[in-house]
Amino acid sequence: MNIQKIPIRKINPAVYNPRIDLKPDDPEYQKLKRSIEEFGFVEPLVWNKRTGNLVGGHQRFKVLLEQGLKEVECSVVDLDDAKEKALNIALNKISGDWDMPKLKDLIEELDAGDIDIEITGYDTVEIEKLMNQFHVPDEDFPEYDESTADDVKTVTCPGCGHEFPV
């Protein structure tokens, strides 16, 4: 990977970028901005030195422009036009799926600490929706007492006389 500091003025957002352009008042833009403010700029942009086009990281680039940076670290590629566009699509499309139980456990762990959970990019409504996927209503598991066994039918083994529930 070729990481270089590139002057902002040399980076041209790709006009063909198929992602919806976030605006500063969009909630997703605000989440991204907050993440960059909290953690710093930890994932480089992808810039094609042959064309000067930004290939990946358009939304992060907008936040960095707002912050007034003069140069930014980029993963520099040297691609023809077709491969540049193919990489743009791949960077925006190819991603893994969540292991939802692990994600839930991780969010619960972070939420129990001193961290503001919204810096993960999830807002409280999304977290509540995620947690509700795993919530089992109490009525599905009624409280056990001795009378619960009254309704259990049994059969008796003719050989040994042991009773088995059915």
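Residue numbering for the sequence shown follows our numbering, beginning at 3 and increasing consecutively. Each residue gets a CB set at the ideal place from its N, CA and C atoms; glycine is no exception.
Restricted to the segment 80-136, the alpha helix (DSSP H) segments that are unbroken, complete and at least 4 residues in length are 83-95, 102-113 and 126-136, listed in chain order.
Contact between the segment 16-25 and the segment 51-68 is present: 3 or more CB-CB pairs across the two stretches fall below 8 Å. Contact between M102 and Q135 holds, since their C-beta atoms are separated by about 7 Å, short of 8 Å. Using a Cβ-Cβ distance cut-off of 8 Å, the segment 112-130 and the segment 47-54 are not in contact, since fewer than three pairs of beta carbons, one from each stretch, lie closer than that value.
V79 and G123 have their C-alpha atoms roughly 29 Å apart. Within its own chain, the residues whose Cβ lies closer than 6 Å to the Cβ of N4, once the five positions on either side in sequence are excluded, are V78, listed in chain order.
Here the alpha carbons of D153 and F41 stand approximately 58 Å from one another. In the three-state DSSP reduction, Q6 falls in the strand class (E or B). Between the beta-carbon of L56 and that of P15 there is about 5 Å, and that keeps the pair under the 8 Å contact cut. Within the same chain, Cβ atoms closer than 6 Å to the Cβ of N94 are found at R21, the five residues on either side in sequence being excluded. Residue state for E148 is assigned as helix, using DSSP reduced to three classes.
Bounds of the beta strand (DSSP E) holding L56 are N55 to G58. Just so you know, the alpha carbons of K35 and I13 end up roughly 19 Å apart. Residue pairing by DSSP places V78 opposite W49 in a beta bridge.
Setting aside the 5 residues that flank it on each side, D82 is surrounded in the same chain by R52, each with a C-beta closer than 8 Å to its C-beta; the list follows chain order. Here DSSP, grouped into helix, strand and coil, assigns P29 to helix.
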